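What follows is a short report on a single structure.
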Amino acid sequence: MNNTNNKLLLINLIMLLSVAFTMRTSTNMLMTVVPVFTKYVINADVFFVGLTATLYGIGAMVANVLINGRINIEKTPRTIALLLLIMTVGIFFYLLSNNIYEVLILSTVTGLSMGVVQPLLMTVTNVIAPPGKRDKYIAAYTASLSLSLIFGVVMEGLITSSINVRYAFLIFLFISLLSTVLMFTLSTRIKMNMKRKNRLTFKEILGKASHSLKQGKVLFALFGNIAYAFPFILLITYGSLMGKEYNGINPDIFFYLLALFYIVSFLTRLVLSVKNVKNHEILMYASFAATIIGYLLLGIDAGIIMFIGSLLILGFPHGSIYPTASYYIASSVELEDLNVVYSVFILIMDVIIFLIPFVFGIISTIYSIRIAIYLTAVPMGLLLLTSVFFNIKDNRAIKNTPVTQ
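Note that my numbering numbers the sequence shown so that position 64 is 64, with each residue one more than the last.
Set out below in structure tokens:
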């Protein structure tokens, strides 16, 4: 009986990792190819390049506010499959788009889809994980995301260097369709039975969100993840433009260089999935330091070697911060509340995703990309300090809590 259960768990995990791999390959394609498509095929200016990412973030934000917290946890797998189907349809229409307004509408729709899918997939990962292995399941899930990003950017580099950028949507359409089919299949295999059957009211959602945001470790995870969003979002939105402007790197070459960034991320998450982390705090602090150093190096015009060095350094916190932050959150709340808490977590991230490319685009237009990097490094640094503050405060509170006999 034990062997049968273990076999079922392994099959379900492999299918879940396959969904994560194909889903993230498709979404990363949207976030990296759409800016190139907007700039060099639609011939829109830099402001609209940033606006595509902003509307993607708005779509995801709307999903988190209006949809995610209300989804009954038992219906989570089928909801993911349905939203993956919507994303697949959106990719098909990108292939046919001919003006910036169509691209902006599709960015909003695909953002709406991903605003539902990504936090709910994390919920499924936590629910199917056996007791005591949650951190390894989270690391394995995020490792599959990083592996998909390596595959995706290499594919994007091959496509943009050999055929029209538009046809990238055709190739990734089939990958997105595969993700949809896999998720529909997985939704028939797993049961997520929870004690609470009723749908939460909006007031109850706000109450649970408010309670979670009062916990020190949740805030430690939240602010640390927000801070890392700065280099990550700007790299995938404006990275090809940074490389072109300062180092003469063509977009197709940039995609290959971005693969190095994702390889470091994948190796970091792979290690986390097989080894026990003895001190998650030290890992987070080291990741924060790498974030600051790598981001500042992006603004230095010292040739392609410096640019590659920056990508390699930033790959480490990309691989470590998100799974570690997710672990802190999952360890701080009840399983039944994960949809709500992860949705709040992603919602706040979506607001940042909404703001960062927009503000960065305005500063770049007025001054330059380099000035925009250094100006946005200031709020990023403040967010990292805020994250550390909440962690230290929580540690002191735990230390001063009397032990009951």
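Ideal Cβ positions, reconstructed from N, Cα and C, are used throughout, including at glycine. If you're wondering where the values come from, they're calculated on a predicted model, not measured in any experiment.
Rounding to the nearest angstrom, what Cα-Cα distance links residue i and residue j in this structure?
{"i": "P77", "j": "L260", "result": "32 Å"}
{"i": "T433", "j": "L298", "result": "Residue 433 is absent from the model: the chain starts at 1 and stops at 405."}
{"i": "L270", "j": "F316", "result": "12 Å"}
{"i": "F307", "j": "G243", "result": "8 Å"}
{"i": "P35", "j": "I150", "result": "18 Å"}
{"i": "R254", "j": "S240", "result": "This sequence places Phe at residue 254; Arg is not what is there. The straight-line gap from Cα to Cα measures roughly 6 Å."}
{"i": "L147", "j": "P131", "result": "26 Å"}
{"i": "A377", "j": "F288", "result": "12 Å"}
{"i": "Y137", "j": "I58", "result": "29 Å"}
{"i": "M1", "j": "L219", "result": "Below a pLDDT of 50, predicted positions are generally treated as unreliable, and M1, at 49, falls in that range; no measurement from the model is reported."}
{"i": "F184", "j": "S326", "result": "25 Å"}
{"i": "T386", "j": "V359", "result": "21 Å"}
{"i": "L178", "j": "L186", "result": "12 Å"}
{"i": "L10", "j": "A129", "result": "10 Å"}
{"i": "Q405", "j": "K399", "result": "Since pLDDT at Q405 reaches only 46, below the 50 mark, its modelled position is unreliable, and the value read off the structure follows with that caveat. Distance between the alpha carbons of Q405 and K399 is about 16 Å."}
{"i": "G248", "j": "I304", "result": "8 Å"}
{"i": "A20", "j": "S265", "result": "15 Å"}
{"i": "V341", "j": "I67", "result": "13 Å"}
{"i": "T125", "j": "S18", "result": "12 Å"}
{"i": "S332", "j": "G90", "result": "36 Å"}
{"i": "A229", "j": "I293", "result": "15 Å"}
{"i": "P231", "j": "N250", "result": "20 Å"}
Kindly indicate which residue of the options has the alpha-carbon position closest to the one of residue i.
{"i": "V41", "options": "T27, I73, Y94", "result": "Y94"}
{"i": "S26", "options": "S332, F172, S326", "result": "F172"}
{"i": "L158", "options": "L235, Y256, I356", "result": "Y256"}
{"i": "N225", "options": "T324, Y167, I363", "result": "T324"}
{"i": "I369", "options": "Y295, N391, T108, N395", "result": "Y295"}
{"i": "I346", "options": "V46, K214, A63", "result": "A63"}
{"i": "A143", "options": "L16, N395, Y285, L186", "result": "L16"}
{"i": "Y322", "options": "P251, M122, L82", "result": "M122"}
{"i": "F47", "options": "G361, R396, I373", "result": "G361"}
{"i": "S320", "options": "Q118, Y262, R166, L120", "result": "Y262"}
{"i": "A139", "options": "V109, V19, K275, A227", "result": "K275"}
{"i": "V116", "options": "S343, G309, F21", "result": "S343"}
{"i": "Q118", "options": "V127, S97, A60", "result": "A60"}
{"i": "N72", "options": "S113, L120, L83, G50", "result": "L120"}
{"i": "I313", "options": "V351, T268, A330", "result": "T268"}
{"i": "F174", "options": "F230, V124, L85", "result": "L85"}
{"i": "I300", "options": "I371, I100, V153, K191", "result": "I371"}
{"i": "S176", "options": "V165, T38, I190, G152", "result": "G152"}
{"i": "G50", "options": "V388, L234, S113", "result": "L234"}
{"i": "F92", "options": "S273, T125, S107", "result": "S107"}
{"i": "I282", "options": "E102, I392, I190", "result": "I392"}
{"i": "A227", "options": "L383, L104, Y374", "result": "L383"}
{"i": "L355", "options": "M284, A53, N28, F37", "result": "A53"}
{"i": "M87", "options": "I100, T180, K39", "result": "T180"}
{"i": "V277", "options": "N28, L170, R134", "result": "R134"}
{"i": "M29", "options": "N126, S18, T110", "result": "T110"}
{"i": "Y285", "options": "R70, I80, E74, F390", "result": "F390"}
{"i": "E74", "options": "S332, I190, G381", "result": "I190"}
{"i": "S113", "options": "A81, Y101, A330, E102", "result": "A81"}
{"i": "L104", "options": "R70, H318, M31, P251", "result": "M31"}
On the CB-based measure, 16 or more other CB atoms within 10 Å of its CB, does residue i come out buried or exposed?
{"i": "Y328", "result": "buried"}
{"i": "T291", "result": "buried"}
{"i": "T188", "result": "exposed"}
{"i": "F24", "result": "The sequence given here places Arg at residue 24; Phe does not occur at that position. Answer is buried; the Cβ neighbour count reaches 16."}
{"i": "I352", "result": "buried"}
{"i": "D45", "result": "exposed"}
{"i": "L8", "result": "exposed"}
{"i": "S310", "result": "buried"}
{"i": "N164", "result": "exposed"}
{"i": "Y141", "result": "buried"}
{"i": "N5", "result": "exposed"}
{"i": "Y167", "result": "exposed"}
On the three-state DSSP scale, how would you describe residue i?
{"i": "E334", "result": "coil"}
{"i": "I91", "result": "helix"}
{"i": "V344", "result": "helix"}
{"i": "P379", "result": "helix"}
{"i": "L213", "result": "coil"}
{"i": "K393", "result": "helix"}
{"i": "G132", "result": "coil"}
{"i": "V116", "result": "helix"}
{"i": "K278", "result": "coil"}
{"i": "S97", "result": "coil"}
{"i": "N6", "result": "helix"}
{"i": "T32", "result": "helix"}
{"i": "Y228", "result": "helix"}
{"i": "Y367", "result": "coil"}
{"i": "V165", "result": "coil"}
{"i": "N400", "result": "helix"}
Any Cβ of chain B within less than 8 Å of the Cβ of residue i?
{"i": "L66", "result": "Although the question refers to chain B, the structure presented lacks it and comprises just one protein chain."}
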